[in-house]
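Written below as structure tokens is the structure these notes are about.
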Amino acid sequence: MLPWTGTASAHGSVVDPASRNYGCWLRWGDDFQNPAMEQEDPMCWQAWQADPNAMWNWNGLYRNGSGGDFPAAVPDGQLCSGGRTESGRYDSLDSVGAWKTTDITDDFTVKLYDQASHGADYFQVYVTRQGFDPAAEALTWSDLQLVAETGRYAPSQNYEIPVTTSGLSGRHVVYTIWQASHMDQTYFLCSDVNFT
Numbered sequence: 325m326l327p328w329t330g331t332a333s334a335h336g337s338v339v340d341p342a343s344r345n346y347g348c349w350l351r352w353g354d355d356f357q358n359p360a361m362e363q364e365d366p367m368c369w370q371a372w373q374a375d376p377n378a379m380w381n382w383n384g385l386y387r388n389g390s391g392g393d394f395p396a397a398v399p400d401g402q403l404c405s406g407g408r409t410e411s412g413r414y415d416s417l418d419s420v421g422a423w424k425t426t427d428i429t430d431d432f433t434v435k436l437y438d439q440a441s442h443g444a445d446y447f448q449v450y451v452t453r454q455g456f457d458p459a460a461e462a463l464t465w466s467d468l469q470l471v472a473e474t475g476r477y478a479p480s481q482n483y484e485i486p487v488t489t490s491g492l493s494g495r496h497v498v499y500t501i502w503q504a505s506h507m508d509q510t511y512f513l514c515s516d517v518n519f520t
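Read in order, the letters of the sequence shown are residues 325 to 520 in our numbering.
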């Protein structure tokens, strides 16, 4: 399925392993009022209840003007909402709980869809340290380990970032920072994974 949305402010997101709001949109966008979601996918349920626009605008979770000082712009506990960007639209993505996961192995690829073809000055991919429990703890900068950093990517709609890790098992968060090339615009994207 090719990701697409009709929003005028469309930009992009990690589509594999799916970011929290993209995954919720993918699983429930055609059926977001289904009461079964509350039991089957409670973290998405709370996100849809808090602000459906966080899913409809799955490709707009960015912050302008951070100047590369990400911990100052995005405080601990607010990493998945980009520091409560867009007037708090994405706050529910910081909620602690058992988000649906994508199974991955030590060697995986982060795939990002860039609808607007902004390009990238760089990507940084982090994974939470072994022992961190995203189902019980708020995500902080000190929980993250840098596992991949790229150089510049020319404007395109699809990017792939190869990642190699070792010694990880169970539930983790893959945290992708995408520094777009067209301006000081940074995307902060949480993907929930299970290392098998």
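Built from N, CA and C at the ideal position, the CB exists for glycine as well.
Straight-line gap, residue i to residue j (C-alpha atoms, nearest Å)
i: Gly330; j: Leu470; result: For Gly330, the pLDDT reaches just 38, beneath the cut-off of 50, and the residue's location in the model is therefore unreliable, although a value from the coordinates is still provided. Approximately 34 Å, taken between the alpha carbons.
i: Gln481; j: Ala342; result: 16 Å
i: Phe519; j: Arg495; result: 6 Å
i: Tyr437; j: Gly455; result: 30 Å
i: Asp354; j: Asp508; result: 33 Å
i: Thr426; j: Gly389; result: 31 Å
i: Phe394; j: Gln448; result: 12 Å
i: Thr500; j: Ala397; result: 15 Å
i: His506; j: Tyr446; result: 12 Å
i: Pro486; j: Glu473; result: 10 Å
i: Ala459; j: Glu410; result: 25 Å
i: Ser337; j: Leu513; result: 7 Å
i: Ala504; j: Tyr483; result: 12 Å
i: Ala317; j: Val497; result: Residue 317 falls outside the range modelled here, since the chain spans only 325 to 520, and no answer is possible.
i: Ala440; j: Asn377; result: 19 Å
i: Thr433; j: Tyr450; result: 12 Å
i: Thr464; j: Pro359; result: 32 Å
i: Asp516; j: Gly392; result: 24 Å
i: Asp415; j: Thr429; result: 29 Å
i: Pro399; j: Arg408; result: 9 Å
i: Thr502; j: Gly491; result: Note that residue 502 is Trp in the sequence shown here, rather than Thr. Those two C-alpha atoms are separated by around 25 Å.
i: His335; j: Tyr346; result: 12 Å
Presumed contact (8 Å Cβ cut-off) between residue i and residue j, rounded CB distance
i: Ala527; j: Arg476; result: It is not possible to answer for residue 527, since the shown part of the chain is limited to 325 through 520.
i: Thr510; j: Arg387; result: 6 Å
i: Arg401; j: Pro366; result: The identity of residue 401 in the sequence shown is Gly, whereas the question assumes Arg. Contact flag wrong, Cβ pair sits at about 20 Å.
i: Cys404; j: Met379; result: Not confirmed; about 14 Å, so no contact.
Residues near residue i by beta carbon distance below 6 Å, same chain, minus five either side
i: Val369; result: It should be noted that the sequence gives Trp, not Val, for residue 369. Around Trp369: Met361 and Glu362.
i: Asp340; result: Lys435
i: Asp418; result: Gln402, Cys404 and Ser405
i: Thr488; result: Asp431
i: Phe356; result: Trp372
i: Asp375; result: Arg413
DSSP beta-bridge partners of residue i
i: Ser411; result: Paired residue(s): none; Ser411 is not in a bridge.
i: Ser515; result: Ser343 and Val498
i: Val487; result: Phe432
i: Glu473; result: Gln448
i: Gln509; result: Asn388
i: Asp427; result: Asn518
Spatial neighbours of residue i in its chain, beta-carbon cut-off 8 Å, leaving aside the 5 residues before and after
i: Ser333; result: Note that Ser333 has pLDDT 47, beneath the 50 cutoff, so the model's placement of it is unreliable and no number is given.
i: Ala478; result: Gly443
i: Lys424; result: Gly347, Arg351, Asp365, Met367, Cys368 and Asp516
Any non-hydrogen atom of the ligand COA closer than 8 Å to residue i Cβ
i: Glu461; result: By its list of ligands, the structure shown contains no ligand whatsoever, and the ligand COA lies outside what it can speak to.
Proximal residues to residue i (C-beta, below 7 Å), its chain only, five neighbours per side dropped
i: Asp467; result: Thr452, Arg453 and Phe456
i: Trp350; result: According to the sequence provided, residue 350 is Leu. The question's Trp does not apply to it. Excluding residues within five positions, the ones whose Cβ falls inside 7 Å are Ala342.
i: Ser493; result: Phe519
Unbroken beta strand (DSSP E) runs of length 3 or more, entirely within the stretch 433–469: which are they? 444–452
May I have a chain-ordered list of the alpha helix (DSSP H) segments no shorter than 4 residues that lie completely inside the stretch 336–407? 344–352, 361–364, 366–374, 377–380 and 394–397
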